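*Asks:* Before anything else, here's the structure in question.
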Amino acid sequence: MKLPRPFYQPLAIGAPAPLRELPVKLERMIHFVPPHVEKVTAKVPELLRQVDVVLGNLEDAIPADAKEAARKGFIAMAKAVDFGDTGLWTRINALNSPWALDDITEIVAAIGNKLDVIMLPKVEGAWDVHYLDQLLAQLEARHAIKRPILIHAILETAQGVNNVEAITTASPRMHGMSLGPADLAASRGMKTTRVGGGHPDYVVLSDGKPGDTRQKFQQDLWHYTTAKMVDACMAAGIKPFYGPFGDFSDLEGCEAQFRNAFLMGCAGAWSLHPTQIVIAKRVFSPDPAEVAMAKKIIAAMPDGSGAVMIDGKMQDDATWKQAKVVVDLARLVAAKDPEMAATYGF
Ligand code: GLV
Ligand code: MG
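Count along the sequence shown starting at 1, add 9, and that's the number in this note's numbering.
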């Protein structure tokens, strides 16, 4: 294991120094764009007002014969558009694919100074992150990149889940991690045909005797993995995200899945369709009533210690810390969105 001091040294002479703290950014939705489709990339300047992150997808869902066009389209889009505060990410192809090396080398050479994050799919262990970490440092040095490009891993293989803690701490480049329920379902041998969301047969039954009508309670297939991912990420000081929800017609199902992730600690989710942008914005911006309560708690305990009663509920140092999480996030949302700022009373 690398010792703490070398951990923060650049991996190539001339590469920018790794960050000690992640940039504090609002990333409620990572919006996926197919960069080979000109009709879609032409609308990216409009999209910037609606989303926190634009991601050019080069991996799954891009046909094999469009991989080169997607990479070129992403580079052209990145060059043409001023992204301002909106994050610019790409999801490259998996490291064992024929396209990953060209994805990384061509993109860093062409637009490395504009790129915030590379999303790395199918991460199995720390070794995948180490490889990309080293290669990025060499490329950053060669192309005079000023700030380190961060890495975001997709948690979507059984082995990746086994190694989740090692992945989160593999490099100071680690930005965060997204749950990839579709690939993970296949890797685990789950008997489903969906991209995220629940399943009507994953239930517990209320108690009963033979012949009774028993209630079914559908359970969340992703609870275990989300919890494991959130703990690993937050312990490492990086950000957990829910990934894709593939049924675009099920807005309520999508909202419920996103909300569970939000309540459990996730910072955002992927949006694959414009309707999901609106859902992610609503879900991953804290509820004004919760923000009002959190502000009350902080006002009642200005130094964060002691115990007070508010509306019949005990508040102490621990609820103060929860309140701070909610208010800090609300401030981040408010800084970007004057309407929400007014709703929160900032
Ligand atoms: C995302 O990449 C997934 O496999 O769910
Ligand atoms: Mg996947």
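Just so it is clear, CB atoms sit at the ideal spot from N, CA and C, and this is done for glycine as well. Nothing here was measured: the structure is a model prediction, and the numbers come from that model.
Determine the DSSP secondary structure at serine 196, reduced to helix, strand or coil.
*Replies:* DSSP places serine 196 in helix when its eight states are reduced to three.
*Asks:* Let me check one thing: in DSSP terms, what residues is proline 249 bridge-paired to?
*Replies:* Answer is Met186, bridged to proline 249.
*Asks:* Specify the secondary structure class of leucine 341 as computed by DSSP and reduced to three states.
*Replies:* In the structure shown, leucine 341 sits in a helix (DSSP, three-state: H, G or I).
*Asks:* Would the stretch 207-217 count as touching the stretch 187-195 if we require 3 or more Cβ pairs under 8 angstroms?
*Replies:* Judged by Cβ distances under 8 angstroms, the stretch 207-217 makes no contact with the stretch 187-195, as fewer than three pairs qualify.
*Asks:* In the DSSP assignment, find the unbroken beta strand (DSSP E) run with isoleucine 39 in it and report its ends.
*Replies:* Here the beta strand (DSSP E) through isoleucine 39 covers 38-42.
*Asks:* Between proline 130 and the ligand MG, is there a pair consisting of the residue's CB and a ligand heavy atom that are separated by less than 8 angstroms?
*Replies:* Answer for proline 130: yes, Cβ within range of the ligand MG.
*Asks:* Beta carbon of valine 62, beta carbon of glutamate 30: below 9 angstroms?
*Replies:* No.
*Asks:* With DSSP as the reference, identify every bridge partner of isoleucine 160, one or two as the case may be.
*Replies:* The partner list for isoleucine 160 (beta bridge, DSSP) reads Ile127 and Met183.
*Asks:* Measure the Cβ-Cβ separation of phenylalanine 254 and glycine 206 and say whether it is below 9 angstroms.
*Replies:* Against a cut-off of 9 angstroms, the Cβ pair of glycine 206 and phenylalanine 254 comes out as a contact.
*Asks:* Give the C-beta separation of methionine 199 and methionine 238 to the nearest angstrom, bearing in mind that I take them to be a contact with Cβ-Cβ under 8 angstroms.
*Replies:* Actually they are not in contact, since the Cβ atoms of methionine 199 and methionine 238 sit about 17 angstroms apart, beyond 8 angstroms.
*Asks:* Assuming leucine 97 and alanine 89 are in contact, meaning their beta carbons sit under 8 angstroms apart, how far apart are those beta carbons, in whole angstroms?
*Replies:* At roughly 12 angstroms, the Cβ-Cβ gap does not stay under 8 angstroms, so leucine 97 and alanine 89 are not in contact.
*Asks:* Which first and last residues belong to the beta strand (DSSP E) in which asparagine 102 is found?
*Replies:* Segment: none, asparagine 102 is in no beta strand (DSSP E) and carries neither H nor E.
*Asks:* Which two residues bound the contiguous beta strand (DSSP E) that contains asparagine 66?
*Replies:* Start and end: 62-66.
*Asks:* Cα separation between threonine 352 and serine 196?
*Replies:* Between threonine 352 and serine 196, the C-alpha separation is close to 44 angstroms.
*Asks:* On the CB-based measure, 16 or more other CB atoms within 10 Å of its CB, does isoleucine 22 come out buried or exposed?
*Replies:* Under this definition isoleucine 22 is an exposed residue.
*Asks:* Bridge partners for leucine 214 per DSSP, in chain order?
*Replies:* DSSP lists Lys225 as partners of leucine 214.
*Asks:* Please go through the same chain and pick out, in chain order, the residues whose beta-carbon is closer than 7 angstroms to the beta-carbon of methionine 310, but skip the five residues on each side of it.
*Replies:* Excluding sequence neighbours, methionine 310 sits near Val317, Gln324 and Trp329.
*Asks:* With a threshold of 16 other CB atoms inside 10 Å of the CB of phenylalanine 267, please say whether the residue is buried or exposed.
*Replies:* Flag for phenylalanine 267 reads buried.
*Asks:* Are alanine 332 and alanine 343 touching if we call contact CB-CB under 9 angstroms?
*Replies:* It is not a contact, given that the beta carbons lie outside the stated cut-off.
*Asks:* May I ask you to verify whether the stretch 129-140 touches the stretch 161-179, counting CB pairs closer than 8 angstroms and requiring at least 3?
*Replies:* Taking 8 angstroms as the limit for Cβ pairs, the verdict is that the stretch 161-179 does touch the stretch 129-140.
*Asks:* Looking at C-alpha atoms only, which residue of Asn66, Ile120, Ile306 and Ile154 is the closest neighbour of alanine 91?
*Replies:* The sequence shown places aspartate at residue 91, rather than the alanine named in the question. Ranking Asn66, Ile120, Ile306 and Ile154 by Cα distance to aspartate 91 puts Ile120 first.
*Asks:* Going by C-alpha to C-alpha distance, which of Val117, Ala162 and Pro181 sits closest to alanine 153?
*Replies:* Checking every option, the nearest Cα to that of alanine 153 belongs to Val117.
*Asks:* Around the C-beta of methionine 183, are 16 or more other C-beta atoms found within 10 angstroms, so that it is buried, or is it exposed?
*Replies:* Buried.
*Asks:* Here's the rule: buried if 16 or more other CB atoms are within 10 angstroms of the residue's CB, otherwise exposed. What is arginine 223?
*Replies:* Arginine 223 should be labelled exposed.
*Asks:* Quick check on the burial criterion: 16 or more other C-beta atoms within 10 angstroms. Buried or exposed for histidine 40?
*Replies:* With 16 or more Cβ atoms within 10 Å of its Cβ, histidine 40 is classed as buried.
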